[in-house]
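Structure first, commentary second.
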Amino acid sequence: MDLENLCQALPKLELHAHLNGSLSMDTLKKLYKMQNPNSKSSEDTLMSIKNFSSLGECFKVFNIAHSLTTTPEAVFHSTYDTVKEFKEDNVIYLELRSTPRAIEGKMTKQEYVEAIIKAFEICKTDFPSILLKLLISINRKQGYKAAQDNIELAINFFKKYPQYIVGLDLSGDPMTGSTFLELLRKARLAGLKIAAHCAEIYQMLSHLSHVPNETETIDILKFKPDRLGHCTCIHPTLQGSSKLFNLLLDSKIPVELCLTSNIQCKTVSTYESHQFKYLFEAGHPICLGTDDKGVFHTSLSHEYKIASSTFGLKQEQLLKLCLSSVEYTFATLEEKQALLYEIEKFSKECN
Ligand code: 6MZ
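Each number in my numbering comes from the position in the sequence shown (counting from 1) with 473 added on.
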């Protein structure tokens, strides 16, 4: 099997995907038509989604998706289509993450989450080969009250739907806001897993000075989330330091790596210099994710292909990456065993 076909056929696990960033152009067009039944100009409006050149600009792109997911119906369709697309890419386990939004007169945060769960229920019948979980996101930019509300919502949904709601994600523009670690501690006590974006950018606090993210990174590492996202500016060659890199290695916390996202947001200049290299060489637990497959025009297969061609990973190592990702999921023990079985079955068929 050639590399392209192998990466497509691999039974993969997606552990880092934001719902609104994952919407494909087809889904966005569909949502645009639902919202504007008489308009013919969806293409032009939506094309601006392609034009960004930094992490800051990338965050503006999310506004387009957000403007189209303002009703439970739209959130339902977004989730259903996204699951379908991941399934078509041979993803067998998908942990979606999303920030609940209330839109006055149209949708409450509760209805937002319910719409995702409703889509999961239907996908379970329509696409039985993919196991679905949801992390409730906290957007660091939205402040303390929103973080508190989302955590409370997550705890309540976790009690009702433990088969779907498994944890919290701390995300949002890393140049603003706070990490709300004291609130996350409360969520952890309630049994939720925590995935936290960490050191995605070398923080910029004013127009004049670039201030390193060292303090925040150390605080997050000390908190010991169950998984970390990105960990870009930690290695000394990526504006981090030996101290930070050693702290990360000692923590043994699995890191979700999103190659294309970091390149397109220009937080890493080349695939060759991506932190994947250093973490992989150190034998640190890692997994691959798409981050925002719609925004970055990627797929999980494509991310595997890039990792393989850039860092010379052979078939066995790609399979090992899938196998080890199982351990880092927030699935139950039984679910993990079923996932391992699927990958091992594929591995035997390959040989
Ligand atoms: C940090 C990100 C992100 O939650 O509305 N998000 N946060 N770093 C990133 N790297 C590029 N990509 C996406 O999905 C969109 C939201 O996910 C977070 C941001 O808060 C964004 O608004 P949901 O489904």
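Don't be surprised by glycine CBs; every beta carbon is placed ideally from N, CA and C.
Owing to the predicted nature of the structure, the values given are computational and were not obtained by experimental measurement.
Apart from sequence neighbours up to five positions away, the residues of its chain that approach Tyr744 with a beta-carbon distance below 8 Å are Leu732, Ile736, Ile779, Thr783, ordered along the chain.
Proximity of the segment 603-619 to the segment 568-581 meets the contact definition, three or more beta-carbon pairs being nearer than 8 Å. Every unbroken stretch of the beta strand (DSSP E) spanning 3 or more residues and falling wholly within the segment 659-737 is given here in chain order: 666-671, 700-703, 728-730. Counting the other CB atoms within 10 Å of its CB gives Pro698 a total of 16 or more, which places it among the buried residues. Here Ser610 is bridged, per DSSP, to Asp642.
Annotation: Ser820 is outside any beta strand (DSSP E); the continuous alpha helix (DSSP H) that includes it extends over 806-823. Just measuring C-alpha positions, the residue of Leu476, Ala538, Leu796 sitting nearest Ser497 is Ala538. With fewer than 16 other Cβ atoms from the protein chains shown falling within 10 Å of its own Cβ, Arg658 counts as exposed.
Here the C-alpha atom of Ile707 lies approximately 48 Å from the C-alpha atom of Pro510.
Annotation for Ala490: the continuous beta strand (DSSP E) segment containing it runs 485-491.
In this structure, Ala669 lies away from Asp646, with their beta-carbon atoms at least 9 Å apart. Counting C-beta pairs closer than 8 Å gives three or more between the segment 475-485 and the segment 791-801, which meets the contact rule.
Per DSSP, Glu546 is not a residue of any beta strand (DSSP E); the alpha helix (DSSP H) it occupies stretches across 545-561.
A straight-line Cα-Cα distance of about 10 Å links Gly650 and Ser644. When the five nearest sequence neighbours on each side are left out, the beta carbons in the same chain lying within less than 7 Å of the beta carbon of Cys671 are those of Thr690, Ile693, Leu701, Gly702, His703, Cys704, in order along the chain.
In the DSSP assignment, Tyr585 falls outside any beta strand (DSSP E) and within the unbroken alpha helix (DSSP H) covering 582-599. Relative to the non-hydrogen atoms of the ligand 6MZ, the Cβ of Lys614 comes within a distance shorter than 8 Å of at least one. Residue environment analysis places Gln810 among the exposed positions, since fewer than 16 neighbouring C-beta atoms fall within 10 angstroms of its C-beta.
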